[in-house]
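Visitor: Here the sequence shown is numbered in numbering that gives the first Met the number 0, starting from 0 and rising by one per residue. Sharing a structure with you now.
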Amino acid sequence: MATRRNVLAVVALALATAVSSAAPAVAGSDNDTLRAAARGSGVRIGTAVDMTALADDAEYRALVAAQFDSVTAENVMKWESIEPQQGQYNWAPADRLVDFAKANGQVVRGHTLVWHNQNPSWLTEAAFTPEQLRQILRDHIKTQVRHFRGKVYQWDVVNEVFNDDGTLRDTIWLRNLGPGYIADAFRWAHEADPKAKLYLNDYNNEGVNAKSDAYYALTKQLRSQGVPIHGYGMQGHLGVQYGFPGSVFDNVRRFDALGVQTAFTEVDVRMILPVDATKEQAQAYGFSTLLQACLLARHCVSYTVWGFTDKYSWVPGWFDGQGAATPYTEAFQPKPAREALFHTFQLAR
Ligand code: G3I
């Protein structure tokens, strides 16, 4: 762990890789994999997994198994998928991911228990009373966490609960239950699996800004009240056209000082298409910057990319004219970003 904190080495390496124009090497042996490079660094390297691709695409499946030691369900642990009808749980797709992870020596991050998106219509379209909603939320959290007890090591308990200005997001939960729903969610999850690490998770909270300030204050407050909160997740959805949050180092360190874990949970770096070499180098720098911040922190424990190949990335479907946001091309060729991650890990060993 001590070498992981070798600031100068990490920074020097990352800078070197960011400007390197060398062609990326195709991973050939186990030693060339991201998970091998990450070994001993104290940081797990993860990817979001698209379960349809995992079932149907052998090349995709082989790379998930070979390159990563942590997996997150991109969609199948979300409420609309896991409890599509009230009280009726659809465990099979998520169980398949858990089984895959076990077979490949990987851990599983759970995403996500409480969110304002991808909720089933039975939940959002009916007129439940606040008391009923509280019961529904408790049942959902307890049932889901209990089902995966001992199999999911980190949970994104609440996802995206703040607006960018640091005010609480207006959701079905805030409107009906008040801000105390956040503490309750953590308590219920902890009761269902006392060993799981329980996280806050959001986007645009990587650097020091109004949103991360709100998370910092909330984390302090919850911990002072004895609420079982263990981690702060930064999604890391970046774009080369926006530049990268330099204050990410300071931000991660201030959460370190609070004694909570940190994790980068959904990293991708999109660009305005078409792809060119300059954008790819900038992208490599973005991926590497977040990894450096993680490696330099005492309690940053995982770094997950939100899909590793452009073949299945969510980005083109959401941002018109943008894409190429992951470390591998659609044809599964490693990009400079993938090499930057590899070398940044290597330097930190
Ligand atoms: O399941 C339906 C399927 O039945 C239907 O045939 C198909 C037709 O479009 O849609 C399917 O649903 C899609 C779902 O992913 C599952 O594939 C939705 O349309 C699509 O909107 C949904 O997108 C997901 C998005 O969250 C929704 O919020 C992305 O795959 C997923 O990558 C993305 O992930 C989020 C994280 O959870 C939280 N942070 C931001 C991140 C990116 O938005």
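Note that the Cβ used here is the ideal one computed from N, Cα and C, for glycine as well.
Based on DSSP bridge pairs, tell me the residues matched to T288.
Guide: Looking up residue 288 in the sequence shown gives position 289. Looking at the DSSP assignment, T288 forms no beta bridge with any residue, so it has no partner.
Visitor: Have a look at Q332 and D94 and give me their C-alpha separation to the nearest angstrom.
Guide: Reading the sequence shown from its first residue, position 333 is the one you call residue 332. Reading the sequence shown from its first residue, position 95 is the one you call residue 94. Distance between the alpha carbons of Q332 and D94 is about 29 Å.
Visitor: Just the Cα atoms here: how many angstroms apart are I171 and A36?
Guide: Position 172 of the sequence shown holds residue 171. Position 37 of the sequence shown holds residue 36. Computed Cα separation, rounded: 43 Å.
Visitor: Any idea what DSSP makes of D68, helix, strand or coil?
Guide: What you label residue 68 is simply residue 69 of the sequence shown in a count that begins at 1. The answer is coil: DSSP assigns D68 none of H, G, I, E or B.
Visitor: So what does DSSP say about G27, is it helix, strand or coil?
Guide: In the sequence shown, residue 27 corresponds to position 28, counting from 1. Annotation note: pLDDT 49 at G27 (below 50); position unreliable, coordinate value reported separately. Looking at G27 - three-state DSSP - the assignment turns out to be coil, as it is neither helix nor strand.
Visitor: How many Å lie between W305 and A47 at the Cα?
Guide: Position 306 of the sequence shown holds residue 305. Position 48 of the sequence shown holds residue 47. So the alpha carbons of these two residues sit roughly 5 Å apart.
Visitor: Nearest by alpha-carbon distance to G109: which of Q87, E73, Q85 and R337 is it?
Guide: Mapped onto the sequence shown, residue 109 falls at position 110. Ranking Q87, E73, Q85 and R337 by Cα distance to G109 puts E73 first.
Visitor: Helix, strand or coil for T128, going by three-state DSSP, please let me know.
Guide: Position 129 of the sequence shown, counting from 1, holds the residue named residue 128. Reduced to three states, the DSSP call for T128 is coil.
Visitor: Any contact between the segment 314-321 and the segment 276-287? By contact I mean 3 or more CB pairs, one from each, below 8 Å.
Guide: No, they do not touch.
Visitor: Between which two residues does the beta strand (DSSP E) carrying T328 extend?
Guide: For this step, residue 328 is matched to residue 329 along the sequence shown. No beta strand (DSSP E) holds T328; DSSP gives it neither H nor E.
Visitor: In or out: P23 buried (at least 16 other Cβ within 10 Å) or exposed?
Guide: Counting from 1 along the sequence shown, the entry for residue 23 is found at position 24. In this predicted model, P23 has a pLDDT of only 41, less than 50, meaning its place in the structure is not dependable enough to derive any value.
Visitor: Could you please give the first and the last residue of the uninterrupted beta strand (DSSP E) stretch that includes Y231?
Guide: The residue labelled residue 231 in the question sits at position 232 within the sequence shown. Residues G230 to M233.
Visitor: Just the Cα atoms here: how many angstroms apart are F254 and A54?
Guide: Indexing the sequence shown from 1 puts residue 254 at position 255. Indexing the sequence shown from 1 puts residue 54 at position 55. Cα to Cα, the separation comes out at about 38 Å.
Visitor: What are the start and end residues of the alpha helix (DSSP H) that includes M50?
Guide: Reading the sequence shown from its first residue, position 51 is the one you call residue 50. That run of the alpha helix (DSSP H) goes M50 to D55.
Visitor: Could you pull out every residue in the same chain whose Cβ sits closer than 7 Å to the Cβ of W368, ignoring the five residues on either side in sequence?
Guide: An answer regarding residue 368 cannot be provided, because it is not within the stretch 0 to 348 covered by the chain.
Visitor: Quick one: what does DSSP say D267 is sitting in, helix, strand or coil?
Guide: The residue given as residue 267 occupies position 268 in the sequence shown. If DSSP states are grouped into helix, strand and coil, D267 belongs with the strands.
Visitor: Under DSSP, the alpha helix (DSSP H) around T218 begins and ends at which residues?
Guide: Mapped onto the sequence shown, residue 218 falls at position 219. A209 to S223 is the span of the alpha helix (DSSP H), which, as asked, contains T218.
Visitor: Quick one: Cα of V70 to Cα of G230, how far?
Guide: As a first step, residue 70 must be located in the sequence shown, where it is residue number 71. As a first step, residue 230 must be located in the sequence shown, where it is residue number 231. The alpha-carbon atoms of V70 and G230 are separated by roughly 17 Å.
Visitor: Return the CA-CA distance between Y88 and E82, expressed in angstroms with no decimal places.
Guide: Start at 1 with the first residue of the sequence shown, and residue 88 comes out as number 89. Start at 1 with the first residue of the sequence shown, and residue 82 comes out as number 83. Taking the straight line from one Cα to the other gives about 5 Å.
Visitor: At what residue ranges does the segment 84-118 contain a whole run of the alpha helix (DSSP H), taking only runs of 4 or more?
Guide: List check, alpha helix (DSSP H) in window: 91-102.
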